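Numbering (my numbering), first residue to last: 425 to 762. For each residue, glycine too, the CB sits at the ideal point set by N, CA and C. On a predicted model such as this, the values are computed, not experimentally measured, just so you know.
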Amino acid sequence: MLDLDFNLGVILVSASLKFFGYSLNIVLFVVGLSVLIWPVWGHLYAFKVANDFEDRFIAQFKPSLYLPLNQCETSTVSEESVCGELLSRDIQIPLINDISLEAVYSNGFALSFWVTPIAGQVGFNLNNIFWLGDTSDSFRPFASLWLNQIERNFHFSGADWGYFSLPNMVQPQKPLHITYVFSPPVGGEVYVNNYRLEEFAKSVPEHSGAAFKGSKLQLGIGRGFYPESSLLGTYSNVMIFHRALTEVEIRDLHQVPNFAASAFTLLPQNRHHRNLVLGAACILVALTGSMFLIRWIHPGFSFSVLFVQLKERDWIFLLLLLLGIILYFLIQFAKETV
C-alpha cells in the first residue's frame with residue numbers, strides 16, 4: 425500500500441510538472457533574474473549620475489554655484505577646471521569663500537555632491553568630507569561632516585555639538601551622495617544617499633547653529649580643520665544653493681530608483697540580508713537556466729520521465745538537500761537578527 429501511494433504521488437507530481445513545469449520554470453527564471461538585476465541597476469545608475477550629471481538637473485534646480493570637479497587633465501586652476509580626485513593629502517580642492525552668514529540665517533543654505541572614498545586610507549581617525557565655518561574664528565565649524573576611519577561611520581558636528589552615526593555605514597569605493605541643508609530656524613541636517621543621517625544615530629543633540637560666533641563662512645570640500653584632514657577619494661558635481669532644499673528636491677538630486685537600493689548599502693545587517701537574497705537568486709537562476717540549457721541541447725529530454733524513474737531513496741536525498749539549503753539561509757538570517 426505504501427509503495428502504491430508513493431508511486432501515485434510520483435505520477436501526480438510528474439504530471440503536474442509536465443503541465444506546469446515549463447511555465448513555472450520561466451516564472452522562476454524571470455523572478456531570480458529580476459532580483460539580480462535591481463541592485464546592479466541601482467549601482468550603475470548612481471554611478472552614471474555621479475560621473476555624467478545631466479544638464480537638466482542644473483536647469484531645474486538652478487544652483488548658485490556648480491563645480492563638476494571632473495577637469496583633471498588640465499593644469500589651469502579655476503572654478504571651471506578644478507579636479508576632484510583627492511588621491512593624496514598634497515592635493516586639495518580650493519576653499520569656497522564669501523558665503524554670507526546673514527543670508528544663510530535668513531534664506532537657508534544647501535550643499536550637494538558625490539564622493540567615492542578610496543580604500544586603504546591611513547592618517548587621522550577623522551577624515552573630513554565637508555567643512556563649513558570661519559577660518560578666522562579659531563576654525564570653529566558652523567557644520568562639518570567627517571568619516572571615522574576606525575568605526576567606518578559618520579561624525580556630524582557644529583560649534584558646540586556633534587554626534588556619531590551607527591558603525592560600518594561606509595564602504596570604500598562605493599559612491600555616496602552627500603546633502604547638507606540648513607533651514608532656519610530648524611537648523612542643519614545631513615542626508616546620505618537620500619536618508620537623513622539622524623535616522624542612523626543613537627542620540628542627536630539640539631543644533632540650530634546659534635552657538636556659532638563667526639562672522640562669515642567658508643566651505644571646504646574634503647578639507648577640514650582641527651584636525652586638518654581630508655577624506656581621500658573622488659568628489660564630483662558640487663552644487664551650492666543659497667536656499668534650503670525640500671526632501672523632494674534632495675531625492676531628485678540623488679536620483680536613485682524608487683525601490684531605494686541605497687538603503688541596503690548603509691547598514692551592514694541590511695547588506696548581509698541583501699547578499700543572502702542575491703545568493704538565493706543566483707541558485708534559482710542557475711537551476712532554472714540549467715533546465716533551459718538541457719532542453720535546448722536535448723529537445724526530447726523530459727523531467728517528468730526522470731522524476732518517475734527516481735527511486736524512493738533518491739527523493740529522500742533531494743528533499744534533504746533542499747531542506748539543508750533552506751536551513752542554511754535561515755541560520756544565516758537568524759545570526760543577523762538576534
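Using the rule of at least 16 other Cβ atoms within 10 Å of the residue's Cβ for burial, across every protein chain shown, is TYR752 buried or exposed? In the sequence shown, the residue the question calls residue 752 occupies position 328. Its Cβ having fewer than 16 others within 10 Å, TYR752 is exposed.
Quick one: grab the DSSP three-state call for LEU751. Position 327 of the sequence shown, counted from the start, is the residue given in the question as residue 751. The answer is helix: DSSP assigns LEU751 an H, G or I state.
CA-to-CA distance, LEU700 to CYS496, given in whole angstroms: On the sequence shown, residue 496 is found 72 positions in, with the first residue counted as 1. On the sequence shown, residue 700 is found 276 positions in, with the first residue counted as 1. Answer to the nearest angstrom: the Cα atoms are 39 Å apart.
ILE450 to THR712, Cα distance in whole Å? Position 26 of the sequence shown, counted from the first residue, corresponds to residue 450. Position 288 of the sequence shown, counted from the first residue, corresponds to residue 712. Within the model, the alpha-carbon separation for ILE450 versus THR712 is close to 8 Å.
Kindly indicate which residue of ALA705, GLN597, GLY638 and PRO518 has the alpha-carbon position closest to the one of ASP584. Along the sequence shown, read from residue 1 onward, the residue named residue 584 stands at position 160. Nearest of ALA705, GLN597, GLY638 and PRO518 to ASP584, Cα basis: GLY638.
CYS706 by DSSP, collapsed to three states: which one? For the purposes of this step, residue 706 is taken as residue 282 along the sequence shown, with counting starting at 1. Three-state DSSP puts CYS706 in a helix.
Using 10 angstroms around the beta-carbon of PHE430, count the other beta-carbons present and answer buried if the total reaches 16, otherwise exposed. Counting from one through the sequence shown, the residue named residue 430 turns up at place 6. Model confidence at PHE430 stands at a pLDDT of 46, short of 50, so the residue's coordinates are unreliable; what they give is reported in the following sentence. Its Cβ having fewer than 16 others within 10 Å, PHE430 is exposed.
Across which residues does DSSP place VAL662 in a beta bridge pair? To locate residue 662, count along the sequence shown from 1; it is residue 238. For VAL662, the pairing in a beta bridge is given by DSSP as LEU491.
On the CB-based measure, 16 or more other CB atoms within 10 Å of its CB, does TRP720 come out buried or exposed? Sequence index remark: in the sequence shown, residue 720 carries index 296 (1-based). The residue is exposed, with fewer than 16 neighbouring Cβ atoms inside 10 Å.
What separation, rounded to the nearest whole angstrom, lies between the Cα atoms of ILE674 and ARG620? Looking up residue 674 in the sequence shown gives position 250. Looking up residue 620 in the sequence shown gives position 196. Taking the straight line joining both Cα atoms gives about 10 Å.
Where do the N-terminal and C-terminal ends of the beta strand (DSSP E) with ASP558 fall, by residue? By one-based count along the sequence shown, residue 558 stands at place 134. DSSP places ASP558 inside the beta strand (DSSP E), whose first and last residues are 550-558.
Rounded to whole angstroms, how far is the Cβ of LEU641 from the Cβ of VAL616, which I believe are closer than 8 Å? Here residue 641 refers to the residue found at position 217 when the sequence shown is read from its first residue. Here residue 616 refers to the residue found at position 192 when the sequence shown is read from its first residue. 22 Å between Cβ atoms; not a contact.
Do LEU535 and PHE566 have their beta-carbon atoms positioned less than 8 Å apart in this structure? As a position in the sequence shown, residue 566 is number 142, starting the count at 1. As a position in the sequence shown, residue 535 is number 111, starting the count at 1. Not a contact, by the Cβ cut-off of 8 Å.
Residue burial classification, ILE523 (beta-carbon count within 10 angstroms, cutoff 16): As a position in the sequence shown, residue 523 is number 99, starting the count at 1. It is buried - the Cβ of ILE523 has at least 16 other Cβ atoms within 10 Å.
TYR587 - containing beta strand (DSSP E), residue span: As a working mapping, residue 587 is identified with position 163 in the sequence shown. It spans 586-588 - the beta strand (DSSP E) in which TYR587 sits, taken as one unbroken run.
Can you tell me the Cα-Cα spacing of SER483 and TYR490, whole angstroms? Taking the first residue of the sequence shown as position 1, residue 483 is located at position 59. Taking the first residue of the sequence shown as position 1, residue 490 is located at position 66. The amino acid at residue 483 is misidentified as Ser; the sequence shows Ala. Using only the alpha carbons, I get a separation of about 11 Å.
N-terminal and C-terminal residue of the alpha helix (DSSP H) that VAL628 is part of: Residue mapping note: residue 628 aligns to position 204 of the sequence shown, counting from 1. No alpha helix (DSSP H) contains VAL628, which DSSP labels as neither H nor E.
Might you give, ordered along the chain, the residues of its own chain that have their beta carbon closer than 7 Å to the beta carbon of ALA710, omitting 5 neighbours on each side? Walking along the sequence shown from the start, residue 710 turns up at place 286. The answer is none, since no qualifying residue turns up.
So, with DSSP's three-state summary, where would you put THR712? Locating residue 712 in the sequence shown gives position 288, counting from the first residue. Of the three classes helix, strand and coil, the one that applies to THR712 here is helix, per DSSP.
Under a three-way DSSP split, which group does LEU571 fall into? Translated into positions along the sequence shown, residue 571 becomes position 147. Looking at LEU571 - three-state DSSP - the assignment turns out to be strand.
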